[in-house]
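Notes for the one structure printed next.
Number of protein chains: 2
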Amino acid sequence: MKVVRRTRVIYSFSPRRKPVEYVKPQELVLFETEDALGGQVTDETVSLNTLDWAKVDGATGPVFVKSAEPGDTLVVEVLDIRINERGVMVTIPKQGILGGKKFKPSAKLIGISRGRVNFEKGMRIKVNPMIGTIGVSPASGSVPSGFLGRHGGNMDVKELTAGSRLYLPVFSKGALFAVGDLHAVQADGELCVSSVEVAGEVLLRFNLVKGRCPVWPVLESRDSFAILACGDTLDEAAVSATDCAVAALTREYDWAFEKAYMFGSLAVNLEINQAVDPKKGVRAVISKEFMSRDSLLT
Amino acid sequence: MKVVRRTRVIYSFSPRRKPVEYVKPQELVLFETEDALGGQVTDETVSLNTLDWAKVDGATGPVFVKSAEPGDTLVVEVLDIRINERGVMVTIPKQGILGGKKFKPSAKLIGISRGRVNFEKGMRIKVNPMIGTIGVSPASGSVPSGFLGRHGGNMDVKELTAGSRLYLPVFSKGALFAVGDLHAVQADGELCVSSVEVAGEVLLRFNLVKGRCPVWPVLESRDSFAILACGDTLDEAAVSATDCAVAALTREYDWAFEKAYMFGSLAVNLEINQAVDPKKGVRAVISKEFMSRDSLLT
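First to last, the protein sequences are chains P and F.
Counted from 1, the first sequence has number 139 at position 139 by the numbering used here; the numbering is strictly sequential.
Counted from 1, the second sequence has number 1066 at position 66 by the numbering used here; the numbering is strictly sequential.
Structure below.
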């Protein structure tokens, strides 16, 4: 097993980044990750003005996956997610879905024990450890790791948990994969812009599908596939997710557009990932009963 | 039990409408409902141009609920939903999430038997009979029954099934309630603008909470409450749903805004009802473990 330390952190995805590790398909790789605030908040009285904002939303990597070429699919199996025993949440003025309201900056340290997040005395929420940021380099240029797009990034999908499998399109040689920003628990929407941000470790295994890739990242859970689209607005993201799902249905069943569009109304659920980042994320979810992996790759 | 026939159909909610029936709180009322296309599509070769579009999106009613006054909550218990054995779907150019694409008008008759929708040979989907349109009259003016708003209307919430309970704000004496537009099954988003549109019967029981009402309609399911907000865009609807949910959390726990906002990030899921009507619908869902009915009424 290879280990990538949490000191190997990047703040943007780019094909120009030098890999910090080289791994083969099927090899186990453990990524240590810092929390989304870069471990800077250790005290609730901290002034958020004093934080180094260049050190938030980091991801551990990038790792070069041997044999990965542009046009391939990088398959990421999430084997395990371990989170630390203390997380942190923040409210930041102008941020989150209610960023238009007046409110104060604040920080809250949150203990995590026995499978529960201890928000307050008597207010415990079941943990659902998940990956906030996961992706590969874009074909050119540089995308901040706090953003999301076709390359993945800060998607904040609460279903991205141990046992799931993510299909990412490869845009550059070696894929240049990185992962970070674990959440102990997050609801769909991530209303206030932060979840229980927590450091931890992610155990992954990579694989490749050569010569084919998805339009948007695709998440495979036990019973369903989710197309992870994004856009400047939720509405735009919903259009992209729907477009991709209906096209996949036409391939799966050799249907005309109209029939696939109808069937989508019955069997494709549009769900919200997060509605608080510069790009908003919507997933189109369809049961494996009605969709095979092959129709999601082109 | 009172019965309201499906011939008693309205195409807009308005305080000026004459009630077709008077019912008391706790009385059982059976509403017969026509499908959303007014029963006009009985043949897949029908030209949608020949349909009378003034006769779509009807609702059965309105019913005057005794003692209901503006400022009260009309509690609607959904005791049973029975649907016919044949439904219909349509695609209509320019409509639905992919309305920007070119496609043909089309109609599809769909058999429903043994708890399954028979979309195609070998393609059966489990039914989930639900109410598309349900609401009361606004305070003034007139709202087409195909629209949605604070009064309810064409909300297309797939969780609005038998066993659920809907809390509607009352805006006029007697509430002037109507219901229609059953769906045999619908996914979140209602991508193509229609679901399996079906005629049927809905058995309801009304109750009142005097002098208090929700900001947006609230749906109570077995384990959760959902605030049913809407807006011109999904993003706008998400803001309204979040605003209402966070305010309810401040009431429930006597918390400052910041703490309620944080907790919302962990425990309030934003979900999409439909993204295809003139107003888009987003629901904020929170477990009953963390929310009581009282904090949702003001």
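Note that beta-carbon positions come from the ideal geometry of N, C-alpha and C, so glycine has one too.
Rank the options by C-alpha distance to the C-alpha of residue i and give the top, closest one.
i: L204 (chain P); options: P:K158, P:F257, P:E120 and P:A162; result: P:A162
i: V1090 (chain F); options: F:P1129, F:A1036 and F:V1136; result: F:A1036
i: V63 (chain P); options: P:R5, P:V157 and P:C213; result: P:R5
i: R1212 (chain F); options: F:D1277, F:F1171 and F:K1259; result: F:F1171
i: G1058 (chain F); options: F:L1249, F:R1008 and F:P1214; result: F:R1008
i: T133 (chain P); options: P:V209, P:R150 and P:K288; result: P:R150
i: E1069 (chain F); options: F:V1056, F:L1182 and F:P1025; result: F:P1025
i: S224 (chain P); options: P:E27, P:G281, P:A248 and P:F290; result: P:F290
i: I1097 (chain F); options: P:A275, P:V285 and P:V246; result: P:V246
i: N1273 (chain F); options: F:V1136, F:P1144, F:V1157 and F:R1293; result: F:V1157
i: K173 (chain P); options: P:L182, P:L74 and P:R86; result: P:L74
i: P19 (chain P); options: P:V117, P:G122 and P:F177; result: P:F177
i: D1188 (chain F); options: F:L1168, F:Y1022 and F:G1281; result: F:G1281
i: L168 (chain P); options: P:D181, P:L182 and P:G153; result: P:G153
i: W53 (chain P); options: P:T60, P:L109 and P:P144; result: P:P144
i: R114 (chain P); options: P:I227, P:K126 and P:F103; result: P:K126
What is the DSSP secondary structure of residue i, counted as helix, strand or coil?
i: V1246 (chain F); result: helix
i: E201 (chain P); result: strand
i: G264 (chain P); result: helix
i: D254 (chain P); result: coil
i: N273 (chain P); result: coil
i: D1294 (chain F); result: helix
i: N1049 (chain F); result: helix
i: K1259 (chain F); result: helix
i: A178 (chain P); result: strand
i: A1036 (chain F); result: coil
i: A187 (chain P); result: coil
i: K1066 (chain F); result: coil
i: K963 (chain F); result: Because chain F here runs from 1001 to 1298, residue 963 (chain F) falls outside it and cannot be looked at.
i: A1139 (chain F); result: coil
i: A1241 (chain F); result: helix
i: V193 (chain P); result: coil
i: T133 (chain P); result: strand
i: E1021 (chain F); result: strand
Output yes or no for whether 8 angstroms exceeds the beta carbon distance between residue i and residue j.
i: V1179 (chain F); j: V1196 (chain F); result: no
i: E1201 (chain F); j: T1033 (chain F); result: yes
i: V198 (chain P); j: I92 (chain P); result: no
i: I1131 (chain F); j: I1081 (chain F); result: yes
i: L48 (chain P); j: P105 (chain P); result: yes
i: R17 (chain P); j: V76 (chain P); result: no
i: V1088 (chain F); j: L191 (chain P); result: no
i: C1244 (chain F); j: A1284 (chain F); result: yes
i: Y1022 (chain F); j: K1066 (chain F); result: yes
Can a CB atom of chain F be found closer than 8 angstroms to the CB of residue i?
i: R109 (chain P); result: In the sequence on display, residue 109 (chain P) carries Leu and not Arg. Not one chain F Cβ lies under 8 angstroms of L109 (chain P).
i: M155 (chain P); result: no
i: I125 (chain P); result: yes
i: T33 (chain P); result: no
i: A68 (chain P); result: no
i: S106 (chain P); result: yes
i: F147 (chain P); result: no
i: V246 (chain P); result: yes
i: I97 (chain P); result: yes
i: A36 (chain P); result: no
i: D235 (chain P); result: yes
i: I81 (chain P); result: no
i: N118 (chain P); result: no
i: I131 (chain P); result: no
i: F177 (chain P); result: no
i: Y261 (chain P); result: yes
i: N49 (chain P); result: no
i: V88 (chain P); result: no
i: D243 (chain P); result: yes
i: V239 (chain P); result: yes
Against chain P, with Cβ distances strictly below 8 angstroms, would residue i count as a contact?
i: S1014 (chain F); result: no
i: T1007 (chain F); result: no
i: I1227 (chain F); result: no
i: G1264 (chain F); result: yes
i: E1159 (chain F); result: no
i: I1272 (chain F); result: yes
i: E1268 (chain F); result: Note on identity: in this sequence residue 1268 (chain F) is Val, with Glu being the wrong assignment. Taking Cβ atoms only, chain P reaches closer than 8 angstroms to V1268 (chain F), which makes this a yes.
i: T1042 (chain F); result: no
i: E1252 (chain F); result: no
The ligand MG and residue i: does the residue's C-beta get closer than 7 angstroms to at least one heavy atom of that ligand?
i: L160 (chain P); result: The ligand MG is not among the ligands present in this structure, which contains no ligands whatsoever.
Which full runs of the beta strand (DSSP E) of 3+ residues lie inside the region 1069-1126 of chain F, going along the chain?
-> Listed in chain order, they are 1073-1083, 1086-1091, 1106-1113, 1116-1120 and 1123-1126.
Against chain A: residues of the region 1182-1213 of chain F by CB proximity under 8 angstroms = Chain labels in this structure do not include chain A; the protein chains are P and F.
Sequence ranges, beta strand (DSSP E) only - wholly within the region 195-239 of chain P, length at least 3 = 200-209, 218-220 and 224-231
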